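**Student:** Using our numbering, read the sequence shown as starting at -6 and increasing by one per residue.
Ideal Cβ placement from N, Cα and C applies to all residues, glycine included.
In this text the structure is predicted, and so the values were computed from the model without any measurement.
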Amino acid sequence: MPLSCSGVMELIHSVWLNFQPVTGQQPGANAVLGRGWLHLAGPSTGWQTWWRDTPVALAPGSFVQANYGAFSSALALMAAAVPTATQHVVEFHAGAGTEAEAGASGPQLTYTVAAAGSDPYAFLAGADVVVVDPPRKGLEVELVEALAAADWPRRPSTTPRRILYLSCGFRSLQRDCAALLGAAGRPPSWRLVSACALLFFPGVDSIETLVVLEEVVQQQAMA
-6 MPLSCSGVME LIHSVWLNFQ PVTGQQPGAN AVLGRGWLHL AGPSTGWQTW WRDTPVALAP
54 GSFVQANYGA FSSALALMAA AVPTATQHVV EFHAGAGTEA EAGASGPQLT YTVAAAGSDP
114 YAFLAGADVV VVDPPRKGLE VELVEALAAA DWPRRPSTTP RRILYLSCGF RSLQRDCAAL
174 LGAAGRPPSW RLVSACALLF FPGVDSIETL VVLEEVVQQQ AMA
């Protein structure tokens, strides 16, 4: 079905159908979109440039920040918070990987979900910087525990030096940071470097927060 009508191509990029078969009390019934997509017309992939003039591929179900200017500012802040000698940036809840791309010093991106599975230690091994941008519910317990552990059972020789946490849910951010900063009797694994509020949605009382944490162990070793 070509989009051949006059002016249509200027307004419509592509046409897709989404199928949401989950209903009632089934898990996932509250989700607006299902996992099934059918491409009807137009290009199968959208492209948007966010950082360093690098185009990012977007599928119809991709999560994209609506405020281009505010998100670009967040990417600039994240890039500035990454140490100069950083070689390996790992992003959780990555989407298209835009934020890790902003923090990385080179153009090479590697997708390792299939190889690493759900084991956070497999992702963290060898990482210099960890970037997280979770949904409102915050980070998974397993990931927080792996990052907060003062002495990992399987601690790799190279451990993350910094965490860049972009949050859209302030309560979950407080909870996760409390664990990382040594609440509940735990020795602190991280210290707070900076926190910045970003207004992604003008006119509402919701803010995004960018928090930068630095590894305590490394700081003590360098002192």
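(1) What did DSSP end up calling leucine 206 once you bin it into helix, strand or coil?
(2) What separation, rounded to the nearest whole angstrom, lies between the Cα atoms of alanine 109 and leucine 26?
(3) Which residue from Pro153, Ser37, Gln18 puts its Cα closest to that of valine 209?
(4) Give me, in chain order, the residues of the same chain whose beta-carbon lies closer than 6 Å to that of serine 37; leave out the 5 immediate sequence neighbours on both sides.
(5) Around the C-beta of valine 205, are 16 or more other C-beta atoms found within 10 angstroms, so that it is buried, or is it exposed?
(6) Among Ala74, Val8, Pro127, which one has its Cα closest to the Cα of glycine 39?
(7) Quick one: residues in its chain with C-beta nearer than 6 Å to the C-beta of isoleucine 156, no 5 flanking neighbours on either side, listed in chain order?
(8) Please work out which residues of its chain come closer than 7 Å, Cβ to Cβ, to tryptophan 219, disregarding the five sequence neighbours upstream and downstream, and give them in chain order.
(9) Starting from leucine 70, trace the alpha helix (DSSP H) both ways and give me its first and last residue.
(10) To which residues of the same chain is glutamine 58 closer than 6 Å at the C-beta, ignoring the five residues directly before and after it?
(11) May I ask which residues mark the beginning and end of the alpha helix (DSSP H) holding proline 195?
(12) DSSP on alanine 109, reduced to helix/strand/coil?
(13) According to DSSP, is glutamine 167 helix, strand or coil?
(14) How far does the beta strand (DSSP E) with glutamate 135 in it reach, from first residue to last?
(15) Just verifying my parser: in three-state terms, what is the DSSP assignment at threonine 16?
(16) Where do the N-terminal and C-terminal ends of the beta strand (DSSP E) with serine 160 fall, by residue?
(17) Taking the Cβ atom as the reference point for each residue, do alanine 67 and leucine 185 lie within a distance shorter than 7 Å?
**Tutor:** Well, looking at it:
(1) Against the sequence shown, residue 206 aligns to sequence position 213. Of the three classes helix, strand and coil, the one that applies to leucine 206 here is strand, per DSSP.
(2) Reading the sequence shown from its first residue, position 116 is the one you call residue 109. Reading the sequence shown from its first residue, position 33 is the one you call residue 26. Residue placement at alanine 109 is flagged as unreliable, the pLDDT there being 49, under the threshold of 50; the coordinate-derived value follows with that caveat. Cα to Cα, the separation comes out at about 27 Å.
(3) For the purposes of this step, residue 209 is taken as the residue at position 216 of the sequence shown. Ranking the options by Cα distance to valine 209, first place goes to Pro153.
(4) The residue given as residue 37 occupies position 44 in the sequence shown. Sequence-distant Cβ neighbours of serine 37 in its own chain, meaning closer than 6 Å and more than five residues away, do not exist here.
(5) As a position in the sequence shown, residue 205 is number 212, starting the count at 1. Per the 10 Å Cβ criterion, buried.
(6) Against the sequence shown, residue 39 aligns to sequence position 46. Ranking Ala74, Val8, Pro127 by Cα distance to glycine 39 puts Val8 first.
(7) Position 163 of the sequence shown, counted from the first residue, corresponds to residue 156. Within the same chain, isoleucine 156 has close Cβ partners Val123, Leu206.
(8) Here the chain covers residues -6 to 216 and nothing more, so residue 219 does not appear.
(9) As a working note, residue 70 is residue 77 in the sequence shown. Note, leucine 70: alpha helix (DSSP H), 61 to 74.
(10) The count along the sequence shown starts at 1 and reaches residue 58 at position 65. For glutamine 58, where only same-chain residues beyond five positions count, the Cβ hits under 6 Å are Phe64.
(11) Here residue 195 is taken as the residue at index 202 of the sequence shown, counted from 1. Note, proline 195: premise wrong, no alpha helix (DSSP H); not H, not E.
(12) As a first step, residue 109 is located in the sequence shown; it is residue number 116 there, counting from the start. A caution first: alanine 109 carries a pLDDT of 49, below 50, which makes its placement in the model unreliable, though a value can still be read off. It is helical.
(13) Here residue 167 refers to the residue found at position 174 of the sequence shown. Three-state result, glutamine 167: helix.
(14) Against the sequence shown, residue 135 aligns to sequence position 142. Boundaries around glutamate 135 are those of the alpha helix (DSSP H), 134 to 141, since no beta strand (DSSP E) includes it.
(15) Taking the sequence shown and counting its residues from 1, one reaches residue 16 at position 23. Three-state DSSP puts threonine 16 in coil, outside helix and strand.
(16) Counted from its first residue, the sequence shown places residue 160 at position 167. Segment 155 to 160, the beta strand (DSSP E) holding serine 160.
(17) By 1-based counting over the sequence shown, the position of residue 67 is 74. By 1-based counting over the sequence shown, the position of residue 185 is 192. No, they are not a contact pair.
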